[in-house]
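Everything in the sequence shown is counted per this note's numbering, starting at 8 for the first residue and increasing by one. For each residue, glycine too, the CB sits at the ideal point set by N, CA and C. All remarks here apply to the structure that follows.
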Amino acid sequence: MVLLYASTFTKALDRLTVAEQKQVKITAFDLAQDESGNGLSLHRVEAAPGFWTARVSQDIRIVLHKDGGYTLLAWVGHHDDAYRWAERRRLVPHERTGAMQLVEIVERTEERLVYTETVEDAAPAPVAVHRPFAQLSDDDLLNVGVPRDWLDAVRSADEASVDGLFTSLPDEAAEALLDFATGGRLQDHVALQAGPGADPFAHPDAQRRFRAVDGVEELKAALDAPFAQWAVFLHPAQRAPVTRDWKGPARVSGSAGTGKTIVALHRAVHLAGRAGAQVLLTTFSKPLAASLATKAALITQALPDTRTRLTVRAIDQAAYELYASALGRQTWQQHRRCEQRLKPRPRVALAPGTAPPFSTKNGMNWSMPGVSTMPRRMPPCHASAAGRGSGPNSGRARGPCSLSSANDWQRAVSSRLPTSMVA
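Shown next as structure tokens:
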């Protein structure tokens, strides 16, 4: 028996009170220990084949879908709302793509005759109604994941009603239609078609809304962070660079809000899952680094070994910690002595083309062979100057503010560098 939960469940859970959420989680953990539901008060939803409710309290019910080898936590809410939600849903694989979908039943509205008094001089001018999807064929819509029951509703929708339409459609279909309505090409969103006999929950579009959990600890980690849904449910296009076996440095580009940061977070967790790995996830922003560290802790809550292999720091924090771990922490007085010693020979150990003032005002440049993603600029208080120079001070004894050579610095720090770095 496999236990899964849906993104609709975590969204509904987040709308309950804290006390209600605790009760729901206790019941969910009981299901994780015994997916058959023995010992729980289960009731079949007669008007919705496959759906059941599990009693949490006198008023709260979890909506389940049970079908042979799996149990799905689909939704949670107050008693009457739970039954209404289940009666308006079907859990079915899409006929074209094979992805499992929670399909909302289309409402059928009846036309009613209403008596109105006609005023001859108040006839309104006709208003043209634009229906952006009216010309799309059945194949066009099915190819992007629109359920067959919704084909007519999609084509008849006007501009004023598309927002409500999108909330009722599966995410992949809503995103494709939104892009088309704003000038994009529907062909760019044709969904992957699963092969015969494929698991409908394993389809990339299904994995963005359903997740299988292995035991109580993994379920607890997921349910403790309903606000971090995008850190759990990845878009299929985001999942590919996360798990791909890259042969070298990779760059992920995209406009604001497209999920680049979440991809980096999941990539770091993915790499940290390898035995013996040490992974650094870094950014120029300290607040962003703190946020990523919190999300990384949530994702790895059930993966303690992975958590120990992953470090999240702002780049200046990472540089300082690497330096301090190799050579000890640098005091303000040591830093001032470094600046004084650098002035007579400002180009020592600088990368080609670096202006001399850079050494004392903005930091040092280091070239580290084999670490292509290691930032070359390091804050002055976090890395000391180095070099085997030929100036008048080259033969004098060096204080704690400098190393004997850039190579010494590289050897000291590279031994403590993570095996993988994510920029």
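Check whether residue i and residue j have beta carbons under 8 Å apart
| i | j | result |
| --- | --- | --- |
| residue 463 | residue 52 | In the structure as shown, the chain starts at 8 and stops at 430, and residue 463 therefore has no counterpart that could be examined. |
| residue 161 | residue 151 | no |
| residue 317 | residue 279 | yes |
| residue 158 | residue 148 | yes |
| residue 36 | residue 226 | yes |
Whole-number beta carbon distance between residue j and residue i, since they are thought to touch under 8 Å
| i | j | result |
| --- | --- | --- |
| residue 444 | residue 218 | Shown here, the chain extends from 8 to 430; a query on residue 444 therefore has no answer. |
| residue 103 | residue 200 | 7 Å |
| residue 34 | residue 47 | 7 Å |
| residue 326 | residue 292 | Residue 326 to residue 292, Cβ: 15 Å. No contact. |
| residue 106 | residue 207 | 6 Å |
| residue 83 | residue 20 | 5 Å |
| residue 276 | residue 315 | Rounded, the Cβ-Cβ distance is 12 Å, inconsistent with contact. |
| residue 198 | residue 169 | Contact flag wrong, Cβ pair sits at about 20 Å. |
| residue 30 | residue 63 | 5 Å |
| residue 319 | residue 284 | Not a contact, Cβ separation roughly 14 Å. |
| residue 96 | residue 55 | 7 Å |
For residue j and residue i, the rounded distance between their alpha carbons
| i | j | result |
| --- | --- | --- |
| residue 17 | residue 228 | 12 Å |
| residue 306 | residue 90 | 32 Å |
| residue 323 | residue 250 | 28 Å |
| residue 13 | residue 101 | 17 Å |
| residue 340 | residue 330 | 17 Å |
| residue 178 | residue 165 | 19 Å |
| residue 81 | residue 39 | 14 Å |
| residue 396 | residue 347 | Low local confidence applies: a pLDDT of 39 at residue 396 is under 50, so the model's placement there is unreliable, with the coordinate-based value given in what follows. About 15 Å. |
| residue 267 | residue 92 | 34 Å |
| residue 23 | residue 333 | 50 Å |
| residue 286 | residue 254 | 17 Å |
| residue 290 | residue 222 | 34 Å |
| residue 190 | residue 139 | 10 Å |
| residue 230 | residue 109 | 20 Å |
| residue 25 | residue 167 | 37 Å |
| residue 256 | residue 269 | 18 Å |
Delimiting residues of the beta strand (DSSP E) encompassing residue i
| i | result |
| --- | --- |
| residue 100 | 96 to 100 |
| residue 278 | Segment 267 to 279 is the alpha helix (DSSP H) holding residue 278; no beta strand (DSSP E) there. |
| residue 13 | 9 to 13 |
| residue 61 | 58 to 62 |
| residue 217 | 217 to 220 |
| residue 251 | Taken as a continuous stretch (DSSP letters only), residue 251 belongs to no beta strand (DSSP E), as it is neither H nor E. |
| residue 201 | Where residue 201 is concerned, there is no enclosing beta strand (DSSP E), given that its DSSP letter is neither H nor E. |
| residue 111 | 107 to 111 |
| residue 81 | 77 to 85 |
Residue range of the alpha helix (DSSP H) that includes residue i
| i | result |
| --- | --- |
| residue 73 | Unbroken run through residue 73 is the beta strand (DSSP E), 67 to 74; no alpha helix (DSSP H). |
| residue 30 | 25 to 40 |
| residue 171 | 169 to 175 |
| residue 214 | 211 to 214 |
| residue 325 | 322 to 334 |
| residue 188 | 178 to 188 |
| residue 47 | Unbroken run through residue 47: none, as it is neither H nor E. |
Spatial neighbours of residue i in its chain, beta-carbon cut-off 6 Å, leaving aside the 5 residues before and after
| i | result |
| --- | --- |
| residue 196 | 151 and 183 |
Same chain only: Cβ atoms within 7 Å of residue i, ignoring 5 sequence neighbours per side
| i | result |
| --- | --- |
| residue 27 | 67 |
| residue 205 | 105 |
| residue 86 | 66 and 68 |
Chain-order list of residues whose beta-carbon lies under 8 Å from that of residue i (same chain, five-residue window excluded)
| i | result |
| --- | --- |
| residue 72 | 57, 58, 59, 78, 79, 81 and 98 |
| residue 328 | 320 |
| residue 15 | 81, 82, 109 and 216 |
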